[in-house]
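Only one structure is covered here, and it is reproduced in the block below.
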Amino acid sequence: MMLLDGKAAQDAIKQKLAKEVQKRTRPPVLAIIQIGDRAESNAYIERKKKFGETIGVTVSVLRLQDDVAESVIEGHIQRLNQEIEVDGILLQLPIPKELDRTRLIDGILPAKDVDGLTSTQIASRGRGELRAVIPATARGVLELLTFYNIPISGKKIAVLGRSALVGTPTADVLRQNGGLVTVCHSKTPNTQEISLESDIIVVAIGRPKFLTHKYVRSDGTQTIVDVGINAVTETGEERLEDQVLLNSSDKAQGNKLVGDVDFEDVQSIVHSISPVPGGVGPMTVTALFENLLEISKKHQEY
Ligand code: NAP
Numbered sequence: 002m003m004l005l006d007g008k009a010a011q012d013a014i015k016q017k018l019a020k021e022v023q024k025r026t027r028p029p030v031l032a033i034i035q036i037g038d039r040a041e042s043n044a045y046i047e048r049k050k051k052f053g054e055t056i057g058v059t060v061s062v063l064r065l066q067d068d069v070a071e072s073v074i075e076g077h078i079q080r081l082n083q084e085i086e087v088d089g090i091l092l093q094l095p096i097p098k099e100l101d102r103t104r105l106i107d108g109i110l111p112a113k114d115v116d117g118l119t120s121t122q123i124a125s126r127g128r129g130e131l132r133a134v135i136p137a138t139a140r141g142v143l144e145l146l147t148f149y150n151i152p153i154s155g156k157k158i159a160v161l162g163r164s165a166l167v168g169t170p171t172a173d174v175l176r177q178n179g180g181l182v183t184v185c186h187s188k189t190p191n192t193q194e195i196s197l198e199s200d201i202i203v204v205a206i207g208r209p210k211f212l213t214h215k216y217v218r219s220d221g222t223q224t225i226v227d228v229g230i231n232a233v234t235e236t237g238e239e240r241l242e243d244q245v246l247l248n249s250s251d252k253a254q255g256n257k258l259v260g261d262v263d264f265e266d267v268q269s270i271v272h273s274i275s276p277v278p279g280g281v282g283p284m285t286v287t288a289l290f291e292n293l294l295e296i297s298k299k300h301q302e303y
């Protein structure tokens, strides 16, 4: 079995990105807007900040209260749109349910939409435009496969999950790269059959250890990419919402992160598999900064 180690891939790509930043006349700037104080979001933002700093990108975080008025957020987005030195703007998701996510994201200038989630970027991907920004997780999946030389073109690929943020853009980008993609969702009656027939299975459903050997051939030819990030107790029975439990005190309490794939159950029968943590997660962060460098290239002169 080959481990699709996202940390190793990230380290390799990091060097390339740092060199690219050094060529710029000024450091690219990513502005992150966070609404509320979710532990999970804090952890993700911390990782983005840390990675950005190691490659020389400035990451600024604007933290707003979770009861902030939508008009105030829109005002901040407009201001960041106009600030010449801000290259990319990201609204950290999820945001409180009372807020209109689509409307707020669409307030971001498409040229600064580093996450590729504005309607303009979605439409431009739909038209297959090369300059379209690919959402970070989808790009992370693509780059993880590419880094480990897993062929995509002409391969049967099952994508489990169809969310606008993860499943759908991942399916789109794999299709654009020649994959024969079948998307499965919660109402798909034959997900097991589709998974068994596929060369690559990408799992993004948010259900701890869902994918077991029943979905995987035992011939050692399939590749599994586990996008899921689920915080569970030691017994794995209870799902803990809204927490990313990776610090030492959490581990001491027996809490841990697991993917949507039962890694232990399938690892001996697959060709290759990404772990959780350490698989798609680091690649998502990497992809975000690849997006930033690409869009900022258009804003900056060398
Ligand atoms: P989501 O919005 O809850 O979407 C889940 C999707 O899975 C839905 O499309 C749902 O179908 C589908 N689904 C649920 N049960 C299924 C089943 N039994 N078989 C097939 N499909 C099923 O979640 P999300 O935002 O896409 O996130 C998915 C997972 O990825 C989560 O664990 C999340 O934490 C993780 N994630 C990881 C990263 C990363 O960087 N690694 C980034 C973002 C998210 P319906 O549409 O029919 O409801």
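Take the sequence shown: its position 207, counting from 1, is numbered 208 in this note's numbering, and each next residue is one higher.
Just so you know, even glycine gets a beta-carbon here, dropped at the ideal spot from N, CA and C.
Fair warning: this is a prediction, and the values are worked out from it, not measured in the lab.
Assigned secondary structure, residue i (DSSP; H/G/I helix, E/B strand, else coil)
| i | result |
| --- | --- |
| V228 | coil |
| R64 | strand |
| L5 | coil |
| V22 | helix |
| I109 | coil |
| V142 | helix |
| A205 | coil |
| T169 | helix |
| G127 | helix |
| G158 | Contrary to the premise, residue 158 reads as Ile rather than Gly in this sequence. Strand, per DSSP. |
| G179 | coil |
| G282 | helix |
| L289 | helix |
| L118 | coil |
| A32 | strand |
| T59 | strand |
Sub-8 Å separation of residue i and residue j beta-carbons
| i | j | result |
| --- | --- | --- |
| L145 | L4 | no |
| V203 | V259 | no |
| K113 | V286 | no |
| I153 | L131 | no |
| G53 | G282 | no |
| D88 | P29 | yes |
| I206 | G180 | no |
heavy atom of the ligand NAP below 7 Å from residue i C-beta
| i | result |
| --- | --- |
| D163 | First, the amino acid is wrong: residue 163 is Arg here, not Asp. Yes; taking the cut-off as 7 Å, the Cβ of R163 has a heavy atom of the ligand NAP nearer than that. |
| K188 | yes |
| N150 | no |
| L166 | yes |
| N231 | yes |
| A40 | no |
| D315 | Since the first residue shown for the chain is 2 and the last is 303, residue 315 is missing from the structure and cannot be characterised. |
| F52 | no |
| T287 | no |
heavy atom of the ligand ZN below 7 Å from residue i C-beta
| i | result |
| --- | --- |
| F264 | Summarising the ligand content, the structure contains the ligand NAP and does not contain the ligand ZN. |
Segments of 3+ residues assigned as beta strand (DSSP E) that fall wholly inside the region 74-103: List check, beta strand (DSSP E) in window: 89-92.
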